[in-house]
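K.L.:
Could you have a look at this structure, given as structure tokens, before my questions?
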Amino acid sequence: MAKTAIAYKEKMKEISVFSLICSCLYPDSRKKTLGDFEELDIKPINKRASGQAFEILLKPTSPVSDTAHCVTSPPKRDISLDDIQKKLEAAEDRRRSQEAQVLRALAEKREHERDVLLKAMEENSNFSRMAEEKLHLKMEQIQENRQAYLDALMERLHQRERHAQEVRRNKELREEVTA
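For the sequence shown, our numbering gives the first residue as 4, with consecutive numbering after it.
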């Protein structure tokens, strides 16, 4: 029950903040809603059948709290020329460091690009060399096949010629025998 009371109290504070914001837009509405109350006091009442019950007590503002609460900024210390010089030197060192870091990153990027280009050129040359070797082997194979085909053709031609000569000789021999 205490947890719900705390939650309800927080909700009421939010409502009072909301009403404070609204009071900026409508100045007389703040006086109507909360009046001159400073704090909320919420007391839980025994649980009812319908849920929780709370008693809200609004405490009027105390005369002590009427004084303005103003937070003063810490006193500014005097800045010497040496302090300014040290700050400028530190800023210059940071700038140089950042510039060196950017240049280092660019150099690494250029080195990576050069490595990638070299690798691509090497792969390209390897591919070209392999393609040229394959083409050369293929041309040699084609030349050997062509030569073998021509040799086989010439051999068949010679066999045919021999056969034709043999047939002519046999024909001449038959003619001589029959004549």
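The beta carbon of each residue, even a glycine, is placed where N, CA and C say it ideally should be.
Since the model is a prediction, treat every value here as computed from it, not as a measurement.
Per DSSP, what kind of secondary structure is Ala-110 in: helix, strand or coil?
P.N.:
Counting from one through the sequence shown, the residue named residue 110 turns up at place 107. Here Ala-110 sits in helix by DSSP.
K.L.:
Assuming contact is defined by CB atoms lying nearer than 7 Å, are Ile-59 and Ile-48 in contact in what I supplied?
P.N.:
Here the question's residue 59 lines up with position 56 in the sequence shown. Here the question's residue 48 lines up with position 45 in the sequence shown. In this structure, Ile-48 does not lie closer than 7 Å to Ile-59 by Cβ.
K.L.:
Helix, strand or coil, according to DSSP, for Ile-87 in the structure here?
P.N.:
Within the sequence shown, the letter at position 84 stands for residue 87. Helix.
K.L.:
How many angstroms separate the CA atom of Lys-90 from the CA atom of Asp-118?
P.N.:
Along the sequence shown, read from residue 1 onward, the residue named residue 90 stands at position 87. Along the sequence shown, read from residue 1 onward, the residue named residue 118 stands at position 115. Cα-Cα distance, rounded: 42 Å.
K.L.:
DSSP three-state call for Ile-82: helix, strand or coil?
P.N.:
Locating residue 82 in the sequence shown gives position 79, counting from the first residue. Coil at Ile-82, not helix or strand.
K.L.:
So, helix, strand or coil for Ala-182, using DSSP?
P.N.:
On the sequence shown, position 179 is the one that residue 182 refers to. Ala-182 falls in the coil class under three-state DSSP.
K.L.:
Looking only at its chain, what residues have a beta carbon closer than 8 Å to the beta carbon of Thr-7, apart from the 5 residues adjacent to it on each side?
P.N.:
For the purposes of this step, residue 7 is identified with residue 4 of the sequence shown, where counting begins at 1. The answer, listed in chain order, is Pro-47, Gln-55.
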